[in-house]
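> Residues in the sequence shown are numbered from 43 upward in steps of one, following our numbering.
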Amino acid sequence: MEQTLLSFAFSAFVFSLVGIIIYVVHDLCLKPKFLRAKLLKKGIDGPKPTLILGNMPDIQKIQSKELASDAITYDSNETLSLDCPSVLLPHISQWTKQFGKTFSFALGKTQFLYIGDGELVREMNLCKSLDLGKPSYMYKERGPLLGKGILTTSKEVWVHQRKTIAPTIYVDKVKNMFRVVLESGNTLVKSWESLVETEGGIADVRVDDYVKTFTSSIFSHVMFGRYDAAEKLLFSKCRDLMEVSGSPTVVDGRPFYRYFPTKMHRRQWRLEKEIYRIIRDLEMKCEGEGEGIIHTLVDSAKHGELGSSTPQQFVVDNCKELCIVGMEVPGITAIWGLMLLALHPEWQERARAEVLEICGGQTLDAEKLGKMKVLKMIIQEVLRLYSGVRFTAREALADVQIGKVCVPKGVNIWVWPAALHRDPQLWGSDALKFNPDRFANGISGACKIPQAYTPFGLGPRTCPGMNLGMMELKVMFALLLAKFSFSLSPNYQHVPKFDVLLEPKYGLKLLVRRV
43 MEQTLLSFAF SAFVFSLVGI IIYVVHDLCL KPKFLRAKLL KKGIDGPKPT
93 LILGNMPDIQ KIQSKELASD AITYDSNETL SLDCPSVLLP HISQWTKQFG
143 KTFSFALGKT QFLYIGDGEL VREMNLCKSL DLGKPSYMYK ERGPLLGKGI
193 LTTSKEVWVH QRKTIAPTIY VDKVKNMFRV VLESGNTLVK SWESLVETEG
243 GIADVRVDDY VKTFTSSIFS HVMFGRYDAA EKLLFSKCRD LMEVSGSPTV
293 VDGRPFYRYF PTKMHRRQWR LEKEIYRIIR DLEMKCEGEG EGIIHTLVDS
343 AKHGELGSST PQQFVVDNCK ELCIVGMEVP GITAIWGLML LALHPEWQER
393 ARAEVLEICG GQTLDAEKLG KMKVLKMIIQ EVLRLYSGVR FTAREALADV
443 QIGKVCVPKG VNIWVWPAAL HRDPQLWGSD ALKFNPDRFA NGISGACKIP
493 QAYTPFGLGP RTCPGMNLGM MELKVMFALL LAKFSFSLSP NYQHVPKFDV
543 LLEPKYGLKL LVRRV
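(1) Would you report the Cα separation of TYR269 and GLY88, rounded to the nearest angstrom?
(2) Would you mind working out which of THR152, VAL457, ARG312 and ARG164 sits nearest LYS75, comparing C-alpha positions?
(3) Mapping the DSSP letters down to three states, classify PRO538 as helix, strand or coil.
(4) Check whether the Cβ atoms of CYS328 and PHE266 lie closer than 8 Å to each other.
(5) To the nearest angstrom, report how far apart ALA245 and ILE317 are at their CA atoms.
(6) Ignoring anything shorter than 4 residues, give me the alpha helix (DSSP H) runs that lie fully in the stretch 474 to 509, in order along the chain.
(7) Is PHE476 closer than 8 Å to GLU396 when the C-beta atoms are compared?
(8) Fully enclosed by the stretch 389 to 464, which alpha helix (DSSP H) runs are 4 residues long or longer?
(9) Using only the alpha-carbon positions, how far apart do ILE335 and GLY158 sit?
(10) Going by beta-carbon coordinates alone, are LEU149 and GLY96 separated by less than 8 Å?
(11) Excluding five sequence neighbours on each side, which residues of the same chain lie with their C-beta closer than 6 Å to the C-beta of ILE374?
(12) To which residues does DSSP link TYR156 through a beta bridge?
(13) Can you tell me where the alpha helix (DSSP H) holding SER351 begins and where it ends?
(14) Who are the Cβ neighbours of PHE540 in its own chain at under 8 Å, not counting the five residues just before and after it?
(15) When you compare each of LYS551, VAL449, LEU417 and CYS448 to LEU523 by their alpha carbons, which one comes out closest?
(16) Starting from ILE244, follow its DSSP beta bridges and name the residues at the other end.
(17) Relative to the ligand NAD, is the shortest distance from any of its heavy atoms to the C-beta of LEU275 smaller than 7 Å?
(18) Cβ atoms of CYS126 and ALA384: under 8 Å apart, would you say?
(19) Mind listing, in chain order, the continuous alpha helix (DSSP H) runs of no fewer than 4 residues lying wholly within the stretch 161 to 238?
(20) Bridge partners of GLY96, per DSSP?
(21) Give the straight-line distance between the Cα atoms of ILE358 and SER262, rounded to the nearest whole angstrom.
(22) Please tell me whether ILE400 has its Cβ less than 8 Å away from any Cβ of chain D.
(23) Between MET326 and VAL264, is the Cβ-Cβ spacing less than 8 Å?
(24) Could you tell me whether the Cβ atoms of LEU468 and LYS446 are closer together than 8 Å?
(25) Comparing alpha-carbon positions, which option in PRO478, ALA435 and GLU399 lies nearest LEU382?
(26) Across which residues does DSSP place PRO546 in a beta bridge pair?
(27) Give me whichever residues DSSP pairs with PHE526 in a beta bridge.
(28) How far does the alpha helix (DSSP H) with HIS263 in it extend, from its first residue to its last?
(29) Helix, strand or coil for ASP359 per DSSP?
(30) Thinking C-alpha only, which one of GLU198, LEU172 and LYS410 is nearest VAL517?
(31) CB-CB under 6 Å to ASP100, same chain, minus the five flanking residues each way: which ones, in chain order?
(32) Mind checking whether LEU174 and ARG436 have CB atoms under 8 Å apart?
(33) Should ASN167 be labelled buried (16 or more other beta-carbon atoms within 10 Å of its own) or exposed?
(34) Could you compute how far the alpha carbon of VAL557 sits from the alpha carbon of LEU237?
(35) Flag this pair as yes or no: are the beta carbons of THR496 and VAL247 separated by less than 8 Å?
(36) When you compare the CB positions of LEU172 and VAL453, do they come within less than 8 Å of one another, or not?
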């Protein structure tokens, strides 16, 4: 009897071991090879990957050669280089030269299709299939930060979240938010006026915190109906979590690294719990007040498709994700916009003249803001060069047809706006220059393929808050330009940092003067 049990146990062990080996071989070798072969049949090639790490050894080798220094030097007598793609991700630039604008590569076992061709991006923009969803690695790798909210979910769960959140920030709702945006902008102006006066007429200002306070105040009123100590604590914790979440993951070449209880990961997990508690407390405080998106989320969580999330987690995850898109993205875009305007005083003068002419000494309102065409062109050009978004990422949840390319199920797709928006074939020979005049006749007049202009995303997943974001940027620039002129500080170092979002590594420092 004992021998029979031992024999059974041994057989079970052997079968389990064989099963594990088959799974590993299929997952790490056969499946990736099959996906690459299907892409190759469509003429899409790429660098040959290694078995376990994919193309990470190639990436590290290219980066070690290209990135001798992380700083792009700035001389006040020269034009600062805006060619950040070749500096940030030199392997993408090298593979584009080697394999064309569309190619395949692998990070670990995960297979990627990089699309830099404007025609294919247009087809992606026109694709309405729910089978073109968000990559599963986004939640797996950035779960503490992103959770399972509107940025990371797919199919019916995403549809429910989109229908819940989008109507709260449509155009008619945005008009009602103008007062909050204007009040936050006036607070920003007063803080700069105080600084300039204290410093005797010219101040060397690191603008990051001022700008992010402006966007945080607006988002807080939209989300919670107020901006008090609890909301400020939440945003501080979210920024801390973004900072630690920018460290390497499988996408950066460390498969399974997220499971190790490192000091950084323990901090991530601790921040995740703290943020959960803060949002739950805010949810209870906001009960019965009737303002803010959080009420819509709470009501929506009581019914509808939540996937594997609990109602509480549904609310928390969407709050966290909206913090990124509603607070950090417009803030970082505004910072890059101030940097570009500081480099181009002639555009400061043009925009200032427009603001003063339209306002005529009167208070700014939504109608006057809508007439500011130069300001709109400037913002469109800022979004072209520095949209803040790392990649527009999708995953084929089933075989998906994009133009003439059938993308196999399981392949991840990357579109990089920073490279796409600097393509001379789409934007002309001055693609690397700051030239808002290119938008004088709209996006269709600026870009040969208008659908390749993607600062707010692609297709049905285009950011629902883009109208609010544009309003924030226009109000901030209009108020600041009416009162101040500014140039880059000698202490400014131009080092774009590519973590969760594209932002200045050492912040933005400006010399600010009253007009």
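Note that beta-carbon positions come from the ideal geometry of N, C-alpha and C, so glycine has one too.
Per the coordinate set shown:
(1) Counted from its first residue, the sequence shown places residue 269 at position 227. Counted from its first residue, the sequence shown places residue 88 at position 46. So the alpha carbons of these two residues sit roughly 49 Å apart.
(2) Taking the first residue of the sequence shown as 1, we reach residue 75 at position 33. Per the Cα distances, THR152.
(3) Locating residue 538 in the sequence shown gives position 496, counting from the first residue. Strand at PRO538.
(4) Counting from 1 along the sequence shown, the entry for residue 328 is found at position 286. Counting from 1 along the sequence shown, the entry for residue 266 is found at position 224. At the C-beta level, CYS328 and PHE266 come within 8 Å of one another.
(5) Residue 245 sits at position 203 when you count from the first residue of the sequence shown. Residue 317 sits at position 275 when you count from the first residue of the sequence shown. Computed Cα separation, rounded: 36 Å.
(6) Counting whole runs of 4 or more residues, the stretch 474 to 509 contains the alpha helix (DSSP H) stretches 484 to 488.
(7) Along the sequence shown, read from residue 1 onward, the residue named residue 396 stands at position 354. Along the sequence shown, read from residue 1 onward, the residue named residue 476 stands at position 434. Contact flag unset, no.
(8) 408 to 412, 415 to 427 and 459 to 462
(9) Residue numbering aside, residue 335 sits at position 293 when the sequence shown is read from its first letter. Residue numbering aside, residue 158 sits at position 116 when the sequence shown is read from its first letter. Between ILE335 and GLY158, the C-alpha separation is close to 36 Å.
(10) The sequence position of residue 149 within the sequence shown is 107, counting from 1. The sequence position of residue 96 within the sequence shown is 54, counting from 1. Going by C-beta atoms, LEU149 is nearer than 8 Å to GLY96.
(11) Within the sequence shown, numbered from 1, the residue matching residue 374 stands at position 332. Result list for ILE374: GLY430, LEU543 and GLU545, in chain order.
(12) Taking the sequence shown and counting its residues from 1, one reaches residue 156 at position 114. Paired residues: PHE145 and TRP456.
(13) Within the sequence shown, numbered from 1, the residue matching residue 351 stands at position 309. Looking at the DSSP string, SER351 is not in any alpha helix (DSSP H), and its letter there is neither H nor E.
(14) Position 498 of the sequence shown, counted from the start, is the residue given in the question as residue 540. Excluding residues within five positions, the ones whose Cβ falls inside 8 Å are LEU130, LEU131 and ARG432.
(15) Taking the sequence shown and counting its residues from 1, the one referred to as residue 523 is at position 481. Residue nearest to LEU523 within the set LYS551, VAL449, LEU417 and CYS448 is LEU417 (criterion: CA-CA distance).
(16) Taking the sequence shown and counting its residues from 1, one reaches residue 244 at position 202. ARG555.
(17) For the ligand NAD, the structure offers nothing, since it holds no ligand at all.
(18) Taking the sequence shown and counting its residues from 1, the one referred to as residue 384 is at position 342. Taking the sequence shown and counting its residues from 1, the one referred to as residue 126 is at position 84. Contact flag unset, no.
(19) 178 to 188, 197 to 207 and 213 to 218
(20) On the sequence shown, position 54 is the one that residue 96 refers to. For GLY96, which the question treats as bridged, DSSP gives the partners THR92 and LEU149.
(21) One-based indexing of the sequence shown puts residue 358 at position 316. One-based indexing of the sequence shown puts residue 262 at position 220. It is Val, not Ile, that sits at residue 358 in the sequence shown. Answer to the nearest angstrom: the Cα atoms are 15 Å apart.
(22) Although the question refers to chain D, the structure presented lacks it and comprises just one protein chain.
(23) Indexing the sequence shown from 1 puts residue 326 at position 284. Indexing the sequence shown from 1 puts residue 264 at position 222. It is not a contact, given that the beta carbons lie outside the stated cut-off.
(24) As a first step, residue 468 is located in the sequence shown; it is residue number 426 there, counting from the start. As a first step, residue 446 is located in the sequence shown; it is residue number 404 there, counting from the start. Taking the C-beta atoms as reference points, LYS446 is found no nearer than 8 Å to LEU468.
(25) Along the sequence shown, read from residue 1 onward, the residue named residue 382 stands at position 340. The residue with the shortest Cα to Cα distance from LEU382 is PRO478.
(26) Translated into the one-based positions of the sequence shown, residue 546 becomes position 504. PRO546 pairs with PRO538.
(27) Looking up residue 526 in the sequence shown gives position 484. Beta-bridge pairing links PHE526 to ARG556.
(28) In the sequence shown, residue 263 corresponds to position 221, counting from 1. That run of the alpha helix (DSSP H) goes 250 to 266.
(29) Taking the sequence shown and counting its residues from 1, the one referred to as residue 359 is at position 317. Correct three-state label for ASP359: helix.
(30) If you number the sequence shown from 1, residue 517 lands on position 475. Among GLU198, LEU172 and LYS410, the Cα nearest to that of VAL517 belongs to LYS410.
(31) If you number the sequence shown from 1, residue 100 lands on position 58. For ASP100, where only same-chain residues beyond five positions count, the Cβ hits under 6 Å are PRO89.
(32) The residue labelled residue 174 in the question sits at position 132 within the sequence shown. The residue labelled residue 436 in the question sits at position 394 within the sequence shown. Taking 8 Å as the Cβ cut-off, LEU174 and ARG436 qualify as a contacting pair.
(33) To locate residue 167, count along the sequence shown from 1; it is residue 125. It counts as buried.
(34) Numbered from 1 along the sequence shown, position 515 holds the residue referred to as residue 557. Numbered from 1 along the sequence shown, position 195 holds the residue referred to as residue 237. Looking at the two C-alpha atoms, the distance is approximately 14 Å.
(35) On the sequence shown, position 454 is the one that residue 496 refers to. On the sequence shown, position 205 is the one that residue 247 refers to. Their beta carbons are not under 8 Å apart, which means THR496 does not touch VAL247 by this criterion.
(36) For the purposes of this step, residue 172 is taken as residue 130 along the sequence shown, with counting starting at 1. For the purposes of this step, residue 453 is taken as residue 411 along the sequence shown, with counting starting at 1. Contact flag unset, no.
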